[in-house]
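As they're listed, the protein sequences go chains A and B. Sequential numbering of the first sequence, starting at 1, is according to the numbering used here. Sequential numbering of the second sequence, starting at 1001, is according to the numbering used here. We put the beta carbon where it would ideally sit given N, CA and C, even for glycine. These numbers come from a predicted model, not from an experiment.
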Amino acid sequence: MSDKGVAAGLHDCRKAFAETLAEMARGDARIVAVCNDSVGSSNLKAFQQEFPDRLINVGIAEQNMVGVAAGLANAGLVPFVCCASPFLTGRAMEQVKVDAAYNGYHIVLCGMSPGMAYGELGPTHHSIEDLAWMRAIHDLTVLVPADPFQTREAVRQAASAEGPVFMRIGRFAVPAVSDEAAGFAIGRADELRGGSDVTIVATGTLVSRALEAADRLAEDGISARVLNVSSLAPIDAEALVRAARETRGIVTAEEGVPHGGLGGAVAEIVAQAHPTRMKILGVTAFAPTGDTAFLLDHFGLNAAGIEAAARQLAA
Amino acid sequence: MAEQPGDTRFDPARLAAEATEVRKRILTTIGAAKMGHVGGDLSVTDILVTLFFGVLNVDPARPEMPDRDRFVLSKGHCAAALYTVLARRGFFAEDELASFMQPLSRLNGHPNRRKVPGVEANTGPLGHGLPIAVGTAVGAQVTGASYRSFCIVGDGELQEGSNWEAAMFAGHRGLGNLTLVADRNGLQQGARVADTNDLSPLGDKFAAFGWEVRDIDGHDHAALLDALSRPGEGRPVFVLARTVKGKGVSFMEDGVEWHHGVPTPAQIDAALKELSR
């Protein structure tokens, strides 16, 4: 798997996640971690050592895991459920809908290693449907922090949010992209780069690639706006409609299927408020064998692919 | 029904009398709504009445009190029985049962905790209740709370795998504060459980997962009181309550057609007469 150490300038968001969760737990006895034999892969070993009674490992049983979390929330606790994203969202989807969201319980569902983080393990382990699935559920906040700063803020804000939250915690190393001074707000898209010709809307791992693409376009005098949508639900409709109105088209880029996730969310909004041309980039097939970086390139989810799509819309 | 506030410990004879009133009300409610799951409602009635009138530490005036016992009706299609017991126990006015399944009523065909006081979890799809009750029991372990957790499943419902994930975990955690009751009427929606995907030997399966098994007649209020009142000692308790679908109405008893069959007005009259004898 592509976990071969983190290169200089790149960050593993799981580290920021685990540190912040422990920090929150120190100040709030209600916080517990729930996992499915994933203490190691969810980076919870230190949490387990510090709070042995507050780490609830249900074993390899994802439906029970989410149901138990609902019961813990009923008991007045704030469970952070940590589980590989494909199995948390897919195997336990009805429990997420009914036990967490329909009940209105404050549960934080943490989809670990989403997208194609488990590159070589194959499509069974690629969590490319999770955003489309989770976004379809009412009353569920859906967050995709793009870097360690956003990860820390997402954990803090989710801990004190109302109702259930789903967040993707990436395994693939990423550069810092956020303007920390601007903070992080659930429901807000962050404009990381101003631009008037075309807009690139990206989430998670694709945000740094969108910025790279914008740099390349600028060399040719094409002005690309870059929006980081780290909150898919609620989503910043106002920023998206403004982009539709003020630029000639919108490219979306995500580590997931091109139907139903970020691309679907943006298309639904602009089609009803200010129709514009769009290119929706995503994982268009069950993937061949390869590590995460190879697969992102394979599906054109890189600076070159985003640049090419943006050029067509800017023309 | 209501005695002095706080005095909910009915003796078995009075629980039986209350159960008869609950059954009558279930029949009139479903008759008016022309929808419901009358067979399962009548099989689970005695268990629900014993719990709410004889066992659970709950307070209708304070439905969210932190130390209340937790009760989850996993077989959520039997909402009419739960609503009737909640109303008669004082959680909401009994008159409201007339709105069961009517447009915009809060009494949906399946329980909703966000609308109906006394409902602990939204259920309906099968196999959800036990994991939630395991969670409330683990939550008491973590917080040091002294309340107990209870869950009722239908026996057909135990074909859902999520129950066995939860059963395994409850045994592993030694959840003496958890009691699961199986409403073992032997019938599921389409046929006998034994002819569909047999669960026998049911008690042995839970025993193998580390549960204490109490095998009783699920219509015997003295046996129910005894089985439900005593927590487990370091082990979760499985009450295998042997029941009859449609119990109390001779032409409905043990008939699979009454899973969600709706009685005609004449059938309701006949059933009410039989229950009034």
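- Bridge partners of A/Pro114 according to DSSP: none are assigned.
- Collapsing the DSSP output to three states places B/Asp1254 in coil.
- Per DSSP, B/Ser1149 lies in no alpha helix (DSSP H) segment; the continuous beta strand (DSSP E) that holds it begins and ends at 1149 to 1154.
- Segment contact: the segment 88 to 98 of chain A against the segment 223 to 237 of chain A, fewer than three CB-CB distances shorter than 8 Å; contact not assigned.
- A/His11 sits close to A/Val174, with the two beta carbons spaced by under 8 Å.
- Of B/Val1072, B/Phe1209, B/Ile1026, B/Arg1148, the smallest CA-CA separation from B/Arg1088 is found for B/Ile1026.
- Chain A places a beta carbon closer than 8 Å to that of B/Glu1165, counting this residue as a contact.
- Within the segment 270 to 312 of chain A, the complete beta strand (DSSP E) segments of 3 residues or longer fall at 277 to 281, listed in chain order.
- B/Leu1015 and B/Leu1082 have their C-alpha atoms spaced approximately 15 Å apart.
- Here B/His1172 is exposed, its C-beta having fewer than 16 other C-beta atoms within 10 Å.
- For the set A/Cys83, A/Gly221, A/Phe172, A/Ala185, the Cα lying nearest the Cα of A/Leu109 is the one of A/Cys83.
- Any Cβ of chain A closer than 8 Å to the Cβ of B/Ser1074 would place that residue at the interface, and such an atom is absent.
- Any Cβ of chain A closer than 8 Å to the Cβ of B/Asn1122 would place that residue at the interface, and such an atom is present.
- The distance from the Cβ of A/Leu295 to that of A/Asn302 is about 10 Å, inconsistent with a contact at the 8 Å cut-off.
- Ranked by Cα distance from A/Leu77, the first of A/Asp197, A/Glu162, A/Arg193, A/Leu217 is A/Glu162.
- With its beta carbon at least 8 Å from every one in chain B, A/Asp190 lies outside the interface.
- Straight across, the Cα-Cα distance linking B/Pro1060 with B/Phe1092 is about 8 Å.
- B/Pro1066 has a beta carbon lying within less than 8 Å of a beta carbon in chain A.
- A/Val81 places its beta carbon less than 8 Å from that of A/Ile107.
- Listed along the chain, the chain A residues whose CB falls inside 9 Å of the CB of B/Val1134 are Val58, Asn64, Gly67, Val68, Gly71.
- Listed along the chain, the chain B residues whose CB falls inside 9 Å of the CB of A/Leu55 amount to none; the nearest CB is some 10 Å away.
- Under the 10 Å beta carbon count, A/Glu62 is surrounded by 16 or more other beta carbons and is classified as buried.
- In this structure, A/Asp197 and A/Ala224 form a Cβ contact; the two beta carbons are roughly 6 Å apart against a cut-off of 8 Å.
- Within chain A, no C-beta atom comes nearer than 8 Å to that of B/Ala1241; the closest sits roughly 22 Å away.
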